[in-house]
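Residue numbers (my numbering): 78 to 867.
Shown next, in the form of structure tokens:
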């Protein structure tokens, strides 16, 4: 029997009768879990972000019924309902995050992709799902126009030294395939030159990609003894972008120059390039070194010339290839770099094109408002999107620039988002786990002009710990004011070089965070990822305070563990009250604790239940009622008189008395959930090991201790036991009776309150013949006479 609760690591979340739901592990079933109730019953909604065909894993949600006896789940197929008007080729690599909003739940796909030509943006998409599991209209705050318009002039060297010609055509067609061709997006003109310039087709010659590809495949090499590169560039600048040839006002102008030799008109170089800069034409220069390599010539002058043609910096706009055949190898990379210009219109400085809106989500205190994390915004610096009344407020980069100091574009602001309340004021909090490699949490407000104002920041203390990747605010005493903010740093490394993880606790005053230490967790020698998930629970132990579940999915050799912490007043106890190993539920579990939710009561006993995600599985744990047991002891007679030998023990007369122990219990929640089956242990002179040689009393079993079972309810239940007092030199100090209680079965329900007393001591004194006041005073006097020695 475990008599000391703290050693048992158990309280009122049970593992007996746990339901285990299994789904496709290859789809990452169990990545997220959310409890949900509707008129049909009680459900677990389980995120499966890699659901779908290997070529297009859109992701989906499964629903698992906890109302019945089975443990099956069915797929909702919500990803096929996502539709953004006027956007084509959507739903690529969609994954899901879940956030509950009373009757609806929010589904987000941060990797939802939007196709532009042969390239993809990843703006992300979200949508509210009804209680009937149908998707309302989806929304994507960062959805892009496909970059256009863009006008591209491709200037090809067709002189005699280019050989063979078919690889040049293949390069041209592969490049066109990667572009979003159309009259409102990208147009392409092709010019070929040697001694003279020929226009193969104009910007407005072909309206579709297929007709343009067919024309490109018919281009033949025109030849020429000279390579008049700057004459060709000048012609393209002056003629290719004219309105009569299809040029559009406001379109981004791009020129691609492909040549294999030094020009014969280099005297034009300075003026032509300056004119291109004035006309804001972005230029790519491609040096084909085939002729130089075949002839064994030094190509440094050719490379220098082509670099002078390319825009700056040359590492973005200059290419060189070993020969004509190798041209097609760079077509994809060139297309990507053109896409950077096409997507941003600013030479490659991304804004919301790869924002991944919906990577995290928070429902504000205003019912129609959402906060969405966008980790990929502004070149992966990240930002936050506020949505209210169908209007979106994308917080600009400069708001957080000074605190992020994001020189390497890697802060990931918006990796986590949440909110704090202080009466009528609502604060927002966002995590940026890669800020300066150590992570950061920022608290801010939104003023009446929809402008953000930074209130406070907290920085991580260890590089690589991912501080701020998980946020969990808690109104512990449920008075409408957020009391603490828990911040996860799941990759925090111990001195033993183990990725144990850490959960920090901050108190809050007017949006200012104050460090209150960290939660006790796994051993310092464990790879645990403690804090990878942190979930608030309304009130597990029914004491009036909110509680917390923390996951450590890598603990116990990747089997995983969850820890439970109870609220107390306006804070959370740093010591955990319960630790549940995944193996205790199912020996096959892996990464138990990767996700968790405890927001609802799923079995109707008025106690929240805990749902935990694992790799390919979700576990439903049932909470148990709580009992507080009280013990009292009385003695008859109520004093020990060693001169009164009133009982026989082992053939001799001794003094004995009756010890009556009475138990009663109160139960939570009410109405009563008892009775409770307990095991109690009676011990005489319990301090024996510390101060006594032997006990002064024993029970009828000839032992100083006795273990018994009983059942306790709200009324008092009493049991009596005879105690025999042995002769002893100590007749002054009272005899102690210690009473310890524990559950007969650790997985029984209700369970004993871990924070209520489970041991009591009672005392029976010895009779003293010291008068009516029983105060004994020593009347021994010592007289000393000094004898005179002769």
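Yeah, the Cβ is synthetic: ideal placement off N, Cα and C, and Gly gets one too. Computed from a prediction, not measured in an experiment: that's the story for all the values here.
(message) So, does the stretch 228-241 touch the stretch 256-268, judging by three or more C-beta pairs under 8 Å?
(response) Touching, per the Cβ criterion.
(message) For residue 630, tell me which candidate among 675, 692, 736 has the shortest Cα-Cα distance.
(response) Comparing Cα positions, the closest option is 692.
(request) Spatial neighbours of residue 745 within its chain, please: CB distance less than 6 Å, with the 5 preceding and 5 following residues excluded, ordered by chain position. (result) For residue 745, the CB contacts under 6 Å within the same chain, skipping 5 residues up- and downstream, are 619, 703 in chain order.
(request) Rounded to whole angstroms, what's the CA-CA distance from residue 720 to residue 760? Just pull it up for me. (result) Looking at the two C-alpha atoms, the distance is approximately 24 Å.
(message) So, at 8 Å on beta carbons, what are the nonlocal neighbours of residue 713 in its own chain, with the 5 sequence-adjacent residues on each side left out?
(response) For residue 713, where only same-chain residues beyond five positions count, the Cβ hits under 8 Å are 734, 735, 737.
(message) Helix, strand or coil for residue 799? Go by DSSP, reduced to three states.
(response) Strand at residue 799.
(message) Could you check whether the stretch 188-207 touches the stretch 235-250, counting it as contact only if at least three pairs of C-beta atoms, one from each stretch, sit closer than 8 Å?
(response) Flag = no, the stretch 188-207 and the stretch 235-250 do not touch.
(message) Between residue 539 and chain B, is any beta-carbon pair separated by less than 8 Å?
(response) Chain labels in this structure do not include chain B; a single protein chain is all it has.
(request) State the DSSP-derived secondary structure class of residue 700, mapped to helix, strand or coil. (result) In this structure, residue 700 counts as strand in the three-state DSSP scheme.
(request) Would you mind stating whether residue 689 and residue 696 have Cβ atoms separated by less than 8 Å? (result) In contact: residue 689 and residue 696 (Cβ atoms closer than 8 Å).
(request) Express the C-alpha separation of residue 472 and residue 90 in angstroms, rounding to a whole number. (result) Going from the Cα of residue 90 to the Cα of residue 472 covers about 42 Å.
(request) Taking residue 456 as the reference, give the member of 727, 198, 653, 522 with the closest Cα. (result) Of the candidates 727, 198, 653, 522, the one whose C-alpha sits nearest the C-alpha of residue 456 is 198.
(message) What does the alpha-carbon distance come out to for the pair residue 956 and residue 145?
(response) Any answer about residue 956 is impossible in this case: the structure gives the chain only from 78 up to 867.
(message) For residue 95 and residue 669, I'd like the C-alpha separation in whole angstroms.
(response) Approximately 13 Å, taken between the alpha carbons.
(message) Between which two residues does the alpha helix (DSSP H) holding residue 287 run?
(response) Element bounds for residue 287: 286-293.
(request) Inspect the beta-carbon positions of residue 520 and residue 453 and report whether they are closer than 8 Å. (result) Not in contact: residue 520 and residue 453 (Cβ atoms no closer than 8 Å).
(message) Pairs of beta-carbons, one from the stretch 206-213 and one from the stretch 251-258, closer than 8 Å: are there three or more?
(response) Short answer: they don't touch.
(message) Using 8 Å for Cβ pairs, my map puts residue 623 next to residue 613. What's the rounded Cβ distance?
(response) Confirmed, Cβ separation roughly 6 Å.
(message) Would residue 598 and residue 543 be called neighbours here (beta carbons separated by less than 8 Å)?
(response) In this structure, the beta-carbon distance from residue 598 to residue 543 does not fall below 8 Å.
(request) Going by CA-CA distance only, name the one from 656, 742, 482 that's closest to residue 751. (result) Across the set 656, 742, 482, the C-alpha of 742 shows the shortest separation from the C-alpha of residue 751.
(message) Please list the terminal residues of the continuous alpha helix (DSSP H) segment that includes residue 311.
(response) For residue 311, the enclosing alpha helix (DSSP H) starts and ends at 306-312.
(request) Over the uninterrupted beta strand (DSSP E) stretch that includes residue 522, give me the two end residues. (result) Segment 517-523, the beta strand (DSSP E) holding residue 522.
(request) Determine the DSSP secondary structure at residue 425, reduced to helix, strand or coil. (result) Unreliable placement is indicated for residue 425, whose pLDDT of 49 sits below 50; the coordinate value is still reported in the next sentence. Secondary structure of residue 425 (DSSP, three-state): coil.
(message) Measuring straight from C-alpha to C-alpha, what distance separates residue 327 and residue 547?
(response) Distance between the alpha carbons of residue 327 and residue 547 is about 44 Å.
(message) Judging by CA-CA distance, which residue of 493, 517, 463, 441 is the nearest neighbour of residue 478?
(response) Comparing alpha carbon positions, the residue from 493, 517, 463, 441 closest to residue 478 is 517.
(message) Please return the same chain residues whose Cβ sits closer than 6 Å to the Cβ of residue 535, not counting the five positions on each side in sequence.
(response) Within the same chain, 518, 590 come within 6 Å of residue 535 by CB-CB distance, once the 5 residues on both sides are set aside.
(request) Would you check if the distance between the CB atom of residue 787 and the CB atom of residue 796 is smaller than 8 Å? (result) Yes. Within cutoff.
(request) For the beta strand (DSSP E) holding residue 741, just list the boundary residues, first then last. (result) 729-745 is the extent of the beta strand (DSSP E) around residue 741.
(message) Please state the DSSP three-state secondary structure of residue 879.
(response) Residue 879 is absent from the structure shown; the chain starts at 78 and stops at 867.
(message) Tell me the DSSP secondary structure of residue 382 in three-state form.
(response) Three-state DSSP puts residue 382 in a helix.
(request) Please report how far the alpha carbon of residue 707 lies from the alpha carbon of residue 585, in whole angstroms. (result) Between residue 707 and residue 585, the C-alpha separation is close to 37 Å.
(message) Using 8 Å as the threshold, is the C-beta distance between residue 836 and residue 812 below it?
(response) Cβ distance not < 8 Å, so residue 836 and residue 812 don't count as in contact.
(request) Drop a sphere of 10 angstroms on the beta-carbon of residue 379, count the other beta-carbons inside from all chains shown, and report buried for 16 or more, exposed for fewer. (result) So residue 379 ends up on the buried side.
(message) I'd like the span of the alpha helix (DSSP H) that includes residue 546, first residue to last.
(response) For residue 546, no alpha helix (DSSP H) segment is defined, and its DSSP state is neither H nor E.
(request) Helix, strand or coil for residue 171, going by three-state DSSP, please let me know. (result) Because residue 171 sits at a pLDDT of 40, beneath the cut-off of 50, its placement in the model cannot be relied upon, and the following sentence gives the value as read from the coordinates. In the three-state DSSP reduction, residue 171 falls in the coil class, being neither helix nor strand.
(request) Give every residue of the same chain whose Cβ lies closer than 7 Å to the Cβ of residue 314, excluding the five residues on either side of it in the sequence, and list them in chain order. (result) So the list reads 352, 353, 356, 358, once near-sequence residues are dropped.
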